[in-house]
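*Asks:* Right, I'll just put the structure down here and ask away after.
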Amino acid sequence: MEQTTEAKLERYNPGEIEKKWQERWAADRLYETDLEADGEKFYFLTMLPYTSGDLHVGHWYPMSPSDAAARYQRMRGKNVFYPIGFDAFGLPAENAAIKRGIHPRKWTYENVERMRGQLRRMGAMFDFSKEVVTADPEFYRWNQWFFVKMFERDLAYRKMAPANWCPSCQTVLANEQVVNGACERCGTTVVQRDLDQWFFRIRNYADELLDFSQVDWPEPIRIMQTNWIGRSEGLEASFALDIENVDAKEIRVFTTRPDTIFGVTSMVLAPEHPLVPQITTPDHRAEVEAYVENARKQTEIERTSTDREKTGVFTGAYCTNRFNGEQVPIWIADYALVWYGTGAVMGVPAHDERDYVFAKKWGMDIPVVVAPPGWDGSPLEEAYAAPGVMVNSGRFDGTPSEEAKSAIIAHAEEQGWGERKVTYRIRDWLISRQRYWGTPIPIIHCPKDGPVAVSEDELPVLLPEDAEFAPTGESPLARHEGFVNVKCPKCGEPSRRETDTMDTFMDSNWYFVRYLSPDYDKGPVDPKLAERWLPVDQYTGGAEHAVMHLLYTRFFWKVMRDLGVVTADEPIKRLFNQGQILGPDGQRMSKSRGNVVAPDSQVAKYGADAFRCYLMFIGPWEDGGPFRVDGISGIERWLNRAWSAVTNEPTFGSEDAAATKELRRLTHQTIKRVTGDVEGYRWNTAISALMEMVNGLSKAREAGPVDREAWTEATRNMTLLMAPMAPHIAEELWSRTGGEYSVHMQSWPAWDEDLTREDEITLVVQVNGKVRDRITAPAGIAEDAAKELALASEPVAKHLEGRTPRQVIYVPGKLVNIVV
RNA sequence: GCCGGGGUGGUGGAACGGUAUACACGGCGAACUUAAAAUUCGCUACCCGUGAGGGUUUGUGGGUUCGAAUCCCACCCCCGGCACCA
Numbered sequence: 006m007e008q009t010t011e012a013k014l015e016r017y018n019p020g021e022i023e024k025k026w027q028e029r030w031a032a033d034r035l036y037e038t039d040l041e042a043d044g045e046k047f048y049f050l051t052m053l054p055y056t057s058g059d060l061h062v063g064h065w066y067p068m069s070p071s072d073a074a075a076r077y078q079r080m081r082g083k084n085v086f087y088p089i090g091f092d093a094f095g096l097p098a099e100n101a102a103i104k105r106g107i108h109p110r111k112w113t114y115e116n117v118e119r120m121r122g123q124l125r126r127m128g129a130m131f132d133f134s135k136e137v138v139t140a141d142p143e144f145y146r147w148n149q150w151f152f153v154k155m156f157e158r159d160l161a162y163r164k165m166a167p168a169n170w171c172p173s174c175q176t177v178l179a180n181e182q183v184v185n186g187a188c189e190r191c192g193t194t195v196v197q198r199d200l201d202q203w204f205f206r207i208r209n210y211a212d213e214l215l216d217f218s219q220v221d222w223p224e225p226i227r228i229m230q231t232n233w234i235g236r237s238e239g240l241e242a243s244f245a246l247d248i249e250n251v252d253a254k255e256i257r258v259f260t261t262r263p264d265t266i267f268g269v270t271s272m273v274l275a276p277e278h279p280l281v282p283q284i285t286t287p288d289h290r291a292e293v294e295a296y297v298e299n300a301r302k303q304t305e306i307e308r309t310s311t312d313r314e315k316t317g318v319f320t321g322a323y324c325t326n327r328f329n330g331e332q333v334p335i336w337i338a339d340y341a342l343v344w345y346g347t348g349a350v351m352g353v354p355a356h357d358e359r360d361y362v363f364a365k366k367w368g369m370d371i372p373v374v375v376a377p378p379g380w381d382g383s384p385l386e387e388a389y390a391a392p393g394v395m396v397n398s399g400r401f402d403g404t405p406s407e408e409a410k411s412a413i414i415a416h417a418e419e420q421g422w423g424e425r426k427v428t429y430r431i432r433d434w435l436i437s438r439q440r441y442w443g444t445p446i447p448i449i450h451c452p453k454d455g456p457v458a459v460s461e462d463e464l465p466v467l468l469p470e471d472a473e474f475a476p477t478g479e480s481p482l483a484r485h486e487g488f489v490n491v492k493c494p495k496c497g498e499p500s501r502r503e504t505d506t507m508d509t510f511m512d513s514n515w516y517f518v519r520y521l522s523p524d525y526d527k528g529p530v531d532p533k534l535a536e537r538w539l540p541v542d543q544y545t546g547g548a549e550h551a552v553m554h555l556l557y558t559r560f561f562w563k564v565m566r567d568l569g570v571v572t573a574d575e576p577i578k579r580l581f582n583q584g585q586i587l588g589p590d591g592q593r594m595s596k597s598r599g600n601v602v603a604p605d606s607q608v609a610k611y612g613a614d615a616f617r618c619y620l621m622f623i624g625p626w627e628d629g630g631p632f633r634v635d636g637i638s639g640i641e642r643w644l645n646r647a648w649s650a651v652t653n654e655p656t657f658g659s660e661d662a663a664a665t666k667e668l669r670r671l672t673h674q675t676i677k678r679v680t681g682d683v684e685g686y687r688w689n690t691a692i693s694a695l696m697e698m699v700n701g702l703s704k705a706r707e708a709g710p711v712d713r714e715a716w717t718e719a720t721r722n723m724t725l726l727m728a729p730m731a732p733h734i735a736e737e738l739w740s741r742t743g744g745e746y747s748v749h750m751q752s753w754p755a756w757d758e759d760l761t762r763e764d765e766i767t768l769v770v771q772v773n774g775k776v777r778d779r780i781t782a783p784a785g786i787a788e789d790a791a792k793e794l795a796l797a798s799e800p801v802a803k804h805l806e807g808r809t810p811r812q813v814i815y816v817p818g819k820l821v822n823i824v825v
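In our numbering, the protein residues as written are 6 to 825.
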């Protein structure tokens with residue numbers, strides 16, 4: 006049978022070429038960065054994956070574009086470091102272990118092994134030679150080292166704090182394990198239990214963390230972090246307390262509205278406030294205790310919801326407002342939180358919406374102290390929260406309330422009734438976890454010396470392999486005699502080792518610093534490399550980390566700076582948060598939900614390049630959204646068409662100068678568009694532009710003989726533009742057209758602005774803002790000529806209906822709007 | 001609830017305050033084929049109209065502007081985070 010010319014050509018076979026190039030790249034160590042090399046460095050960081058099992062679409066979605074972006078920087082001539090690691094400690098490993106009887110270490114490291122292979126199959130340019138696994142003693146040893154340093158500097162301290170407790174399982178639960186207030190395993194109602202726990206003093210850095218002047222981060226993230234820190238200025242006032250058998254002689258309360266202090270009708274304490282049991286009178290005790298117990302069952306979100314009515318109960322006790330000498334009843338209410346301000350809130354019904362509703366309900370007085378404009382002295386119909394003029398406020402009457410704020414603070418300071426204070430919403434970071442699979446906290450509790458740090462040369466405190474990590478009353482480490490029983494490093498007395506482990510956010514605080522020298526054993530990082538490579542130039546990761554991880558890591562960096570480990574003030578110069586890819590059900594993709602999409606079958610069918618590009622094509626990276634596999638055939642067609650455009654030469658020898666100019670314009674316009682899109686991480690439109698280029702090449706080929714030089718310019722540049730996004734096919738096409746290995750070491754193409762310009766424009770003609778005509782005009786058309794053309798248009802004349810234009814607006818090169 | 005983001009054809013989406021719906025999926029029609037797949041070409045927001053053409057449309061309602069998907073106000077819905085999932 007006769008073969009056609011087409012059939013002789015080799016077809017695009019992703020399975021074959023992807024394997025071939027991945028092996029070649031690995032053998033050549035193409036992606037191992039020489040950290041000592043000269044040239045401009047670029048540290049490109051993508052958030053490290055959790056070792057949950059198989060790499061799924063939820064991993065490919067953030068990693069495909071970040072890999073493309075790192076490759077692009079490399080083509081821009083930078084010395085790019087693009088490392089990878091594994092977030093290996095945490096709850097899921099322990100859950101898997103309990104469920105299946107596998108040791109968390111075995112489960113985790115088997116996953117790491119599998120994920121490594123899957124990452125290579127993506128064709129990602131990760132430098133695996135600098136890999137970090139956070140469960141390695143050589144990594145967590147430095148978590149401990151930092152902890153000791155922080156303990157010595159009083160940045161780590163211990164205090165009582167509540168934890169979710171399942172009375173039936175006798176174990177601490179993560180928030181995730183509490184479903185509607187009950188234990189997810191046994192359904193028992195979860196209670197709060199106070200435990201001695203470790204905290205980091207992130208509040209010491211609160212003001213510095215509000216300063217974003219040294220970073221280029223998206224505004225929404227800066228706003229969210231600013232709100233999370235929640236700095237507010239105001240007065241911390243003391244209200245006099247005179248109750249028999251109560252030692253405290255005052256209640257301290259923080260307010261941002263000192264101008265309303267004469268209008269206080271109640272003092273509201275958090276149910277957990279230490280004074281509550283002391284001041285509650287016997288006749289109110291039962292009610293108060295019931296309320297406290299109920300409050301402790303609710304989540305903070307429920308408690309502080311402004312949607313529902315305020316609730317509270319009277320303790321039977323009173324304090325005195327020193328400003329006006331009035332007796333103020335002391336209540337407790339769940340919306341007051343012990344950890345915010347002083348754990349007490351003033352009730353001012355006239356000037357707070359919900360206090361107003363509360364006072365109405367209980368028939369309490371509503372004294373006005375800040376008069377609304379034009380107030381006639383009659384009772385308010387609703388709370389008035391805006392500024393006004395002070396009334397019923399003694400010496401401050403007549404003062405505008407905004408001025409009165411500082412005057413009242415000054416007066417309080419003079420009288421010794423309080424002082425100006427700055428409060429933060431952010432709380433110190435609770436780092437203790439009563440769990441096995443984490444970094445052991447390097448502290449020894451001595452009956453005589455209290456908590457004593459393990460000395461640096463004893464680090465790491467190894468996590469014992471033979472612990473019983475099934476759920477029991479205590480941290481699994483607490484029942485491991487060999488681990489627990491030690492001698493005090495100070496006095497040698499028999500002591501107990503700390504058995505809590507660290508929050509895994511500790512690992513993500515600084516893993517990117519360790520990447521630079523994962524084997525360095527004289528400190529967390531080789532100082533020379535830290536100086537040369539930090540801070541990170543570009544970080545990409547999920548928007549779900551906008552606050553916690555990204556705020557903790559900024560905090561921890563400042564601690565490292567103060568310890569002399571690093572020098573800059575910020576860890577990450579530029580940040581990009583991509584959206585989250587959701588399962589086909591519109592829910593977050595997670596193994597526990599059972600909605601993860603494995604890419605394997607798609608990759609086997611269409612190739613890694615197609616799958617990477619598809620993920621980049623489905624929409625703006627920052628949006629995320631539900632994953633559907635529907636459109637991947639469009640990417641497959643595009644790659645096939647690109648393949649044949651490059652491998653299958655057209656008939657050469659064009660005499661048509663206009664066609665050649667058109668082809669070159671397509672090339673240079675595409676270079677310009679793709680460059681802009683890649684710079685802005687607009688992958689979907691970058692790929693659209695490349696699709697349009699391939700379509701344009703097909704048209705050019707069909708239109709007749711093509712100019713050889715212009716065609717070669719087009720296909721070579723197109724191959725280069727595809728390289729970051731589709732690294733395998735680009736390498737193959739590059740080598741087939743005689744390009745020098747590797748395409749990923751070539752320079753990113755430049756465009757010639759003159760060649761991108763169109764000769765003609767479409768002049769849009771509007772009458773009263775409605776499009777009535779489109780006229781083709783020369784690109785450089787003058788304003789007068791354009792207006793003349795527009796007014797001469799037949800459809801325009803029809804719509805003018807003989808009326809004389811009042812105004813003619815001209816938008817250069819685009820549009821004429823005729824207004825009548 | 002609070003903080004942040006979003007809502008555009010049948011679907012994913014495109015659009016410096018200036019041609020709404022690029023690019024792609026799907027659908028319909030055609031070519032090639034014994035046939036299917038693949039490939040290629042054409043059509044495809046909605047309504048009225050045989051047609052030329054006209055009208056409507058970017059979650060809802062209002063406003064600013066010669067001109068609004070884009071800016072402002074109010075509302076509805078969806079997504080992320082809310083401190084022990086990571």
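We put the beta carbon where it would ideally sit given N, CA and C, even for glycine.
Model, not experiment: these values are computed from the prediction.
1. How about A32 and F49: are their beta carbons less than 9 Å apart?
2. With contact counted as at least three CB pairs below 8 Å, one residue from each stretch, are the region 288-301 and the region 329-346 in contact?
3. With DSSP as the reference, label D59 as helix, strand or coil.
4. Please classify K792 as buried or exposed, where buried requires at least 16 neighbouring CB atoms within 10 angstroms.
5. Can you check the region 544-574 for any alpha helix (DSSP H) of at least 4 residues that lies completely inside it and give the ranges in chain order?
6. Please state whether DSSP places I337 in a helix, a strand or coil.
7. With DSSP as the reference, identify every bridge partner of Y323, one or two as the case may be.
8. At the level of alpha carbons, what is the spacing between T665 and V711?
9. In the structure shown, what three-state DSSP assignment does N645 receive?
10. With a floor of 3 residues, list each beta strand (DSSP E) that falls wholly inside the region 475-523, ordered by position along the chain.
11. Residue range of the alpha helix (DSSP H) that M120 falls in?
12. Exposed or buried, what is P372 when buried is set at 16 or more other beta-carbons lying within 10 Å of its beta-carbon?
13. Tell me the DSSP bridge mates of V137?
14. Measuring straight from C-alpha to C-alpha, what distance separates E136 and C493?
15. Going by other Cβ atoms of all chains shown within 10 Å of its Cβ, with 16 needed for buried, is V776 buried or exposed?
16. If you reduce the DSSP assignment to three classes, tell me which class P384 lands in.
17. How many Å lie between M351 and I207 at the Cα?
18. Mind the definition here: the region 701-710 touches the region 732-744 only if three or more C-beta pairs lie below 8 Å; say whether that holds.
19. Between which residues of its own chain and D531 is the CB-CB distance below 8 Å, once the five residues before and five after are set aside?
20. So, is A472 buried or exposed, given that buried needs 16 or more other C-beta atoms within 10 angstroms?
21. Consider the C-beta atom of N397 and the heavy atoms of the ligand HEM; say whether any pair is separated by less than 8 Å.
22. Between which two residues does the beta strand (DSSP E) holding L427 run?
23. How about S69 and R617: do their beta carbons lie closer than 9 Å?
24. Mind checking who L435 pairs with in its DSSP beta bridge?
25. Nearest CA to the CA of T672: which residue from N180, W26, D682 and E758?
26. Do you know how far the Cα of S747 is from the Cα of A535?
27. Compare the Cα-Cα distances from L644 to each of R633, S693, V683 and R687 and report the closest residue.
28. Counting only runs that start and end within the region 154-237, where is the beta strand (DSSP E) found for 3 or more residues in a row?
29. Could you check if P499 is buried or exposed, using at least 16 other CB atoms within 10 Å of its CB as the buried criterion?
30. Using a Cβ-Cβ cutoff of less than 8 Å, which residues in the same chain neighbour R301 once the five nearest sequence positions on both sides are dropped?
31. Should E118 be labelled buried (16 or more other beta-carbon atoms within 10 Å of its own) or exposed?
32. Assuming M821 and A795 make a contact with CB atoms under 8 Å, what is their CB distance in whole Å?
33. Three or more beta-carbon pairs under 8 Å between the region 73-87 and the region 39-54, yes or no?
34. Taking all protein chains shown into account, decide if T9 is buried (16 or more other Cβ within 10 angstroms of its Cβ) or exposed.
35. Could you pull out every residue in the same chain whose Cβ sits closer than 6 Å to the Cβ of M229, ignoring the five residues on either side in sequence?
36. Between D462 and F517, what straight-line distance do the alpha-carbon atoms span, to the nearest angstrom?
*Replies:* Reading it off the structure:
1. Taking a C-beta distance under 9 Å as the contact criterion, A32 and F49 do not qualify as a contact pair.
2. The answer is yes - the region 329-346 touches the region 288-301, with three or more Cβ pairs under 8 Å.
3. Coil, per DSSP.
4. Counting Cβ neighbours within 10 Å, K792 comes out buried, since at least 16 surround it.
5. Segments of the alpha helix (DSSP H) lying fully in the region 544-574: 553-567.
6. I337 carries a strand assignment under DSSP once its states are collapsed to helix, strand and coil.
7. Its beta-bridge partners are P334.
8. Their Cα atoms are separated by approximately 7 Å.
9. Secondary structure at N645: helix, using DSSP grouped into helix, strand and coil.
10. Unbroken beta strand (DSSP E) stretches of 3 residues or longer found wholly inside the region 475-523: 490-492 and 499-502, given in chain order.
11. For M120, the uninterrupted alpha helix (DSSP H) segment begins and ends at P109 to R126.
12. P372 should be labelled buried.
13. In DSSP, V137 forms a bridge with G90.
14. Approximately 36 Å, taken between the alpha carbons.
15. So V776 ends up on the exposed side.
16. In the three-state DSSP reduction, P384 falls in the coil class, being neither helix nor strand.
17. The straight-line gap from Cα to Cα measures roughly 27 Å.
18. Per the Cβ contact rule, the region 701-710 is not in contact with the region 732-744 (fewer than 3 Cβ pairs under 8 Å).
19. The residues are L521, S522 and Y525.
20. Counting Cβ neighbours within 10 Å, A472 comes out buried, since at least 16 surround it.
21. Ligands displayed in this structure: none; no statement on the ligand HEM is therefore possible.
22. A quick correction: the sequence has Val, not Leu, at residue 427. For V427, the enclosing beta strand (DSSP E) stretches over residues G423 to Y429.
23. Result yes, Cβ atoms of S69 and R617 sit closer than 9 Å.
24. Partner(s): F204.
25. Comparing Cα positions, the closest option is E758.
26. In this model, A535 and S747 are separated by some 29 Å (Cα to Cα).
27. Out of R633, S693, V683 and R687, the CA that lies nearest to the CA of L644 is found in S693.
28. Those beta strand (DSSP E) runs which fall completely within the region 154-237 and span 3+ residues are 161-171, 176-178 and 196-205.
29. Result: exposed.
30. Cβ neighbours of R301 beyond the five flanking positions: P167, V196, Q197, P276 and E277.
31. Exposed.
32. Contrary to the premise, residue 821 reads as Val rather than Met in this sequence. V821 to A795, Cβ: 4 Å. Contact.
33. Here the region 73-87 lies against the region 39-54, with 3 or more beta-carbon pairs under 8 Å apart.
34. Reliability of the predicted coordinates at T9 is poor, the pLDDT of 37 falling under 50, and no value is obtained from them.
35. Shown here for M229: same chain residues with a beta carbon closer than 6 Å to its own, the five before and five after excluded, namely A551 and V552 in chain order.
36. For D462 and F517, the distance between alpha carbons rounds to 24 Å.
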